[in-house]
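Q: Attaching a single structure in structure tokens format; questions to follow.
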Amino acid sequence: MRLVLRLLLLVLLLAGTAIAVVVHYLKNPHVPAYQAPEQVLYLNQWDEAARQLYYYTPQGTTLKGLRYDWLVALEQPFNQKRFIAPENLGRYGLLFDPKQTPSDANPGNLPVGLARHQDADTGQWYVDITCAACHTGELRYQGQAVRIDGGAGMHALASTVPTLKGGSFGQALGAAMALTYYNPSKFDRFADKVLGINAKRDRKKLRFEFKAVLDRFTATALNDWRRGLYPTEEGPGRTDAFGRIANTVYGDMIDEKNYHIANGPVNYPHLWDIWKFDWVQWNGSAMQPMARNVGEALGVGASLTLFNNNGQPVAINERYASSVRIHDMYRIEETLKTLKPPRWPEELFGAINLKQASKGRALFEENCAYCHAPRPQPQAKRLAPERDPEWKLKVIPTRIIGTDPTAADNIADNRYDVRRLGWTRGQLAGQDVTLVGDGTLADVDLAEVSSAKGLAYLTAYVEDRAYKNAGIRGDERARMDGFGLKIGVRELRGYKARPLDGIWATPPFLHNGSVPNLFQLLSPVAEREIKFHIGNLAFDPKHVGFETQEFPGSFLLDTSVTGNSNRGHEFRDGCRQGGVIGRYLSPSERWALIEYLKVLGHAELEQQLTPVPAKPWTEGPSCDALIPLVEAQ
Amino acid sequence: MLKRFFGKILALFAKLLLALGLIVLAGWGIAELYYSITWRGPVASVEEIPPGEAAMTQKIISDAIFIIESHKDNTRIMRDAHAKAHGCVRADVTVREDLPETLQQGAFKTPGQHYPAWVRFSNGNAYPQFDSARDARGMAIKLMNVEGKKLLPSEADAQTQDLVMFNQPLFFVSDVAEYQSNFAAQAEGQKIKAFFPSWDPRTWQFRHLIIGLKTLSPPPESPFTASYFSIAPFKYGPHNIKYRTVPDPERCPSYTAPEQNKNLPNFLRSSLYQQLSVDQVPACFAIQVQRQDPSKFMPLEDTSIEWLESDAPFETIAHLRIEAQDFDSPEQNLFCDNLSFTPWHSLPEHQPLGGINRLRRAAYEAVSAYRHERNGAPREEPTAETQPGDGDLPITTAP
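Chains as they are written, first to last, in my numbering: chain Y, 1 to 633; chain W, 634 to 1032.
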């Protein structure tokens, strides 16, 4: 008996400790403290109207059905301060300007990219995570903030799998909602704010609806955690975009056997100039702007009607109805065409050494331009003849570039069963989809379709429905699709080498953010940091990238984890293979290149450079050992 | 009182010791039992390539480059292993006159044939250290005037056949996967992690640790008194073999080496110098092969398993003779450092087999190309006519 009691005591003690630890981290999640900038410096990338449109135009996603006024009214888990206060949301990497005020588009005075839209049927306003949430960057230096519009977001917004220490927006939101729901006095204050004078009357209904949203958060977290879908922690600034879209669309919406492990997180790519690219996405897999945007919105949380409650496909004229807002998407897309690359703010980050930059330009010609120079196509050779300029980008196979292949391989290898959608080849043939490279429609097996191909056809249907519902046809549709482009699909095991205008403003580098600054990117792999800390936006103008020291709440990026490899894109002596793409660059050459990269994309500064003759490309020693012996012979 | 207390302590200690002894004994017994059950033939007589080897190979190359960069000396990049040479000496290799017909294969198909050769003796470490330090010792032979297309496409017309060995019959890892994790830990300077890569006891490599410790052994009296083993298997015409070289004093004048001062850093070089240049006494080795009997436990894909001589004996195929000579000149030492030894400098009849050998094809080439480019040295296979000093960077001497 005494033994039983003692054991019981021990169990209680352990449970108590566990709860105490969980509560501790709910109160003190592992995120950096927020420091309001003295001011936010904007770099004249576009005008203020364009900026506001980009920041707060909704695209048609919801946060599991979270209402806009709920988010605004929500308190933090263990105090009565507002959840949306910069001191709270800023910790998760969401961006505020101390001078920002509520506006029509942003009545809640929320951070960049948290927009709202009104559901046509219910009339309710929902939180809408729009493009700007992930594609806006900020660099902090000496108490100032430099806003990079269209740059790389550095928040942990996408993460769905809870961790003990916390650190993601979703987990913090879930905690705040749970404590609001289960703490009656907290819920009373919440209901007062949301319902106003009707608080008494509608309290029960609100509780019911609120719980439904909370349950969806919990269900997603449980599902993703139980299945171990995201073993590589994404941390700030990354998400396995393709993997998450695929798991949402093929797994959540169609069939649970379609879940695949997504362990290839990528940075949020910067958006200036992308309308000029022939193909977009890190691996150059998508061609049509609207289809790419629709696919992205489905992954971020746009609703999509495929099946009824009995699991049967809904009637054909209702199928593929979505919350995607094509008019708004088109407006955002058009506005982004006016976005210029950011200019290096000499007044804050220090003057540019034009002599060094001139030397750097010659080195760029010699070592970088072959892959990274934009190649404007003559009209006859463009994918979209109307697009001027259209840049043909190289997609470099991972075999050559040597950077982490996980993301590209997952896209190329994963297969999904979409037979529940009841597609036939005949129907698919009628869609505006072009398969480029391996395979034709005849080779498409609906029991195991690749993610890019399946998504192309699905977005084609979703687009069709959206255009039909909006009464858009013909030329207008072609224009909104983007230069009348078809929905193209490619699945290359490689990553595209984009032109480097304004690249200085987009750390960390490589598609998976595994290299913290430009100096390390130009250094041999042996000189790159194996582990480094990120998450507080502290900019290092010397090495051009993020500071990497540990700080309270920092995220440790360990490049030995699957998907995080920092190998490849390497300049060093020896065999030009396995990711070694060029000759060794001496440190002074790296510094010169960095000086040029600060200028690149800024015509006025580029004109001030003096011509320095570029050396010819150095071919490396002949090596063949990484090629299988039989092939080599 | 005190006595009783000490007595108790002593008894407890004795019990503990006994228990520990029993555990060790039991562990040893279980290990013996386990190995006697699992280490049995038959084994495959062809290569079995595990998945993922190419990716691991690339990782190993990165680590190797890191190692040579971080271990370079102040003027040169050195090898990632066997960085310190005791000397490169000229040798004559003669195919055994009465070689049985079945062993007349590849470079050894003509009994009595002579080949000129370079032989490089080395310490195994990635950085030169005192010869008295525990280490592996290497012997690499480069036969010249070997006719026929070679395996490496970029060096198909080279006239060389290399034999690369060290003084242990087995290697401290089994395959590329294990080598990768072990090597990565070593590159970070973590010796324990090399053999105990995680908390999972299934990944612990006690046996390989013991091999590793054995590999780091005290120096021989002279590089000429040690035996050297290929460790990894090779083709030999229709056979699969491992090879070795052993001292063959009967074919040379008897020689008692004067005692060397082992406190001096390079006493192994001094011993070569004493014998070949001062005392003018030649040295002799026998080159031998051990044929695989696939019905026995003689695996191709695990270099940590010794092929037992009781399963298959070694048979001499050639005699190696190092005549008295002067070898310790700046030109020859530089020439020696710029040579590239790889088992893949080989006729197809002697194709390297097994994971560790497949790894060596890529890793040795990558390290060699890197080293030579960084050192500004030409990288080409020598011929019998190549003389030290030819084609190498001129050695700058102070005016």
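Glycine is no exception: its CB is placed at the ideal position from the N, C-alpha and C atoms.
No experiment lies behind these values; they were computed from the predicted model shown.
(1) Given that W/Ser695 touches chain Y, what residues does it touch there, using C-beta distances under 7 Å?
(2) With 16 other CB atoms within 10 Å as the buried threshold, where does Y/Gly237 fall?
(3) Would a C-beta distance cut-off of 8 Å place Y/Trp225 and Y/Val161 closer than the cut-off?
(4) For W/Ser814, does the count of other Cβ atoms within 10 angstroms reach 16, so buried, or fall short, so exposed?
(5) Would you please state the rounded distance, in angstroms, between the beta carbons of Y/Gly545 and Y/Asn517? I believe it to be under 8 Å.
(6) For Y/Ala447, does the count of other Cβ atoms within 10 angstroms reach 16, so buried, or fall short, so exposed?
(7) What do you reckon, are the CB atoms on W/Val726 and W/Ala1002 nearer than 8 Å?
(8) Since Y/Asn267 sits in a beta bridge, which residues does DSSP pair it with?
(9) Under the three-state reduction of DSSP, which class applies to Y/Asp328: helix, strand or coil?
(10) Identify every run of the alpha helix (DSSP H) within the region 406 to 489 of chain Y, keeping only runs that are complete inside it and at least 4 residues long; order them along the chain.
(11) How many Å lie between W/Ala1031 and W/Gln965 at the Cα?
(12) Hey, quick one: how far does the beta strand (DSSP E) through W/Ala718 stretch, first residue to last?
(13) Here's the rule: buried if 16 or more other CB atoms are within 10 angstroms of the residue's CB, otherwise exposed. What is Y/Trp46?
(14) Note down, in chain order, every chain Y residue with its Cβ under 8 Å from the Cβ of W/Ser787.
(15) Measure the CB-CB distance between Y/Met290 and Y/Glu476 and report whether it falls below 8 Å.
(16) Would you report the Cα separation of Y/Gln608 and Y/Arg361, rounded to the nearest angstrom?
(17) Check the Cβ-Cβ distances between W/Arg1007 and every residue of chain Y, and say whether any is below 8 Å.
(18) Would you kindly work out how many angstroms separate the C-alpha atoms of W/Cys885 and W/Pro1011, rounded to a whole number?
(19) Which runs of the beta strand (DSSP E) at least 3 residues long sit entirely within the region 143 to 229 of chain Y? Give them in chain order.
(20) Where does W/Ala740 fall in DSSP's three states?
(21) Name the residue from W/Leu967, W/Gly640, W/Gly822 and W/Arg924 whose alpha carbon lies nearest to the alpha carbon of W/Ala759.
(22) Alpha carbon to alpha carbon, what distance is there between Y/Tyr68 and Y/Gln100?
(23) Note down, in chain order, all residues in the region 668 to 698 of chain W with a beta-carbon under 9 Å from any beta-carbon belonging to chain Y.
(24) Where does Y/Met287 fall in DSSP's three states?
(25) Just to confirm, are Y/Tyr92 and Y/His155 a CB contact at a threshold of 8 Å?
(26) Y/Asp558 CB to nearest chain W CB: under 8 Å?
(27) Among Y/Lys165, Y/Ala85 and Y/Asp128, which residue has its Cα nearest to the Cα of Y/Pro29?
(28) By the criterion of Cβ-Cβ separation under 7 Å, what are the contact partners of Y/Gly578 in chain W?
(29) Can you round the beta-carbon distance between Y/Tyr416 and Y/Tyr250 to whole angstroms, since I take them to be within the 8 Å contact cut?
(30) For the region 851 to 916 of chain W, which segments carrying the beta strand (DSSP E) assignment without a break, of at least 3 residues, lie completely within its bounds, in sequence order?
(31) For a test of the three-state rule: what should DSSP assign to Y/Ser323, helix, strand or coil?
(32) At the 8 Å Cβ level, is W/Glu998 part of the contact set with chain Y, yes or no?
(33) For the alpha helix (DSSP H) that Y/Arg590 lies in, which residues bound it at each end?
(34) Taking 7 Å as the limit between beta carbons, can you name the residues of its chain near W/His719, skipping five residues before and five after?
(35) Flag this pair as yes or no: are the beta carbons of Y/Phe190 and Y/Thr180 separated by less than 8 Å?
(36) Chain Y partners of W/Tyr1003, CB-CB under 8 Å?
A: In brief:
(1) Counting from one through the second sequence, the residue named residue 695 of chain W turns up at place 62. Those within 7 Å of W/Ser695 in chain Y are Val525 and Arg567.
(2) Locating residue 237 of chain Y in the first sequence gives position 237, counting from the first residue. Burial call: buried.
(3) Here residue 225 of chain Y corresponds to residue number 225 of the first sequence, with the count starting at 1. Here residue 161 of chain Y corresponds to residue number 161 of the first sequence, with the count starting at 1. It is a contact, given that the beta carbons lie within the stated cut-off.
(4) As a position in the second sequence, residue 814 of chain W is number 181, starting the count at 1. So W/Ser814 counts as buried.
(5) For this step, residue 545 of chain Y is matched to residue 545 along the first sequence. For this step, residue 517 of chain Y is matched to residue 517 along the first sequence. So it is a contact: roughly 2 Å between Cβ atoms.
(6) Here the question's residue 447 of chain Y lines up with position 447 in the first sequence. So Y/Ala447 ends up on the exposed side.
(7) Residue mapping note: residue 726 of chain W aligns to position 93 of the second sequence, counting from 1. Residue mapping note: residue 1002 of chain W aligns to position 369 of the second sequence, counting from 1. No, these two residues do not count as a Cβ contact at 8 Å.
(8) Looking up residue 267 of chain Y in the first sequence gives position 267. The partner list for Y/Asn267 (beta bridge, DSSP) reads Y/Arg238.
(9) In the first sequence, residue 328 of chain Y corresponds to position 328, counting from 1. The answer is helix: DSSP assigns Y/Asp328 an H, G or I state.
(10) 406 to 413, 425 to 429, 451 to 470 and 474 to 482
(11) By 1-based counting over the second sequence, the position of residue 1031 of chain W is 398. By 1-based counting over the second sequence, the position of residue 965 of chain W is 332. With a pLDDT of 37 at W/Ala1031, under the threshold of 50, the predicted position of this residue should be treated as unreliable, and no value is reported.
(12) The sequence position of residue 718 of chain W within the second sequence is 85, counting from 1. Residues Lys717 to Val728.
(13) For the purposes of this step, residue 46 of chain Y is taken as residue 46 along the first sequence, with counting starting at 1. Result: buried.
(14) Counted from its first residue, the second sequence places residue 787 of chain W at position 154. Neighbours of W/Ser787 on chain Y, chain order: Ser622, Cys623 and Asp624.
(15) Indexing the first sequence from 1 puts residue 290 of chain Y at position 290. Indexing the first sequence from 1 puts residue 476 of chain Y at position 476. No; because the gap between Cβ atoms is not below 8 Å, this pair is not in contact.
(16) Counting from one through the first sequence, the residue named residue 608 of chain Y turns up at place 608. Counting from one through the first sequence, the residue named residue 361 of chain Y turns up at place 361. Each residue's Cα considered, the two are about 12 Å apart.
(17) The residue given as residue 1007 of chain W occupies position 374 in the second sequence. So yes, W/Arg1007 belongs to the interface.
(18) Within the second sequence, the letter at position 252 stands for residue 885 of chain W. Within the second sequence, the letter at position 378 stands for residue 1011 of chain W. Distance between the alpha carbons of W/Cys885 and W/Pro1011: 36 Å.
(19) 144 to 149
(20) Sequence index remark: in the second sequence, residue 740 of chain W carries index 107 (1-based). W/Ala740 falls in the helix class under three-state DSSP.
(21) The sequence position of residue 759 of chain W within the second sequence is 126, counting from 1. Comparing Cα positions, the closest option is W/Gly822.
(22) As a working mapping, residue 100 of chain Y is identified with position 100 in the first sequence. As a working mapping, residue 68 of chain Y is identified with position 68 in the first sequence. Whole-angstrom Cα-Cα distance: 18 Å.
(23) Ala687, Ala688, Thr690, Gln691, Lys692, Ile694, Ser695, Asp696 and Ile698
(24) Translated into the one-based positions of the first sequence, residue 287 of chain Y becomes position 287. DSSP places Y/Met287 in coil when its eight states are reduced to three.
(25) As a position in the first sequence, residue 92 of chain Y is number 92, starting the count at 1. As a position in the first sequence, residue 155 of chain Y is number 155, starting the count at 1. Yes; because the gap between Cβ atoms is below 8 Å, this pair is in contact.
(26) On the first sequence, residue 558 of chain Y is found 558 positions in, with the first residue counted as 1. Answer no: the Cβ-Cβ gap between Y/Asp558 and chain W never drops below 8 Å.
(27) For the purposes of this step, residue 29 of chain Y is identified with residue 29 of the first sequence, where counting begins at 1. For the residues Y/Lys165, Y/Ala85 and Y/Asp128, the minimum Cα distance to Y/Pro29 belongs to Y/Lys165.
(28) Taking the first sequence and counting its residues from 1, the one referred to as residue 578 of chain Y is at position 578. Simply Gln691 and Ile694.
(29) The sequence position of residue 416 of chain Y within the first sequence is 416, counting from 1. The sequence position of residue 250 of chain Y within the first sequence is 250, counting from 1. At roughly 4 Å, the Cβ-Cβ gap stays under 8 Å, so Y/Tyr416 and Y/Tyr250 are in contact.
(30) 867 to 869 and 872 to 880
(31) As a first step, residue 323 of chain Y is located in the first sequence; it is residue number 323 there, counting from the start. The answer is coil: DSSP assigns Y/Ser323 none of H, G, I, E or B.
(32) On the second sequence, position 365 is the one that residue 998 of chain W refers to. Yes, its Cβ sits closer than 8 Å to a Cβ of chain Y.
(33) The residue you call residue 590 of chain Y lines up with position 590 of the first sequence. That run of the alpha helix (DSSP H) goes Pro587 to Val599.
(34) To locate residue 719 of chain W, count along the second sequence from 1; it is residue 86. Here the set comprises Phe754, Ser755, Pro856, Leu901, Arg902 and Leu905.
(35) Taking the first residue of the first sequence as 1, we reach residue 190 of chain Y at position 190. Taking the first residue of the first sequence as 1, we reach residue 180 of chain Y at position 180. Against a cut-off of 8 Å, the Cβ pair of Y/Thr180 and Y/Phe190 comes out as a contact.
(36) Stepping through the second sequence from its first residue, residue 1003 of chain W is reached at position 370. Going along chain Y in sequence order, the residues near W/Tyr1003 (Cβ under 8 Å) are Arg572, Asp573, Gly574 and Cys575.
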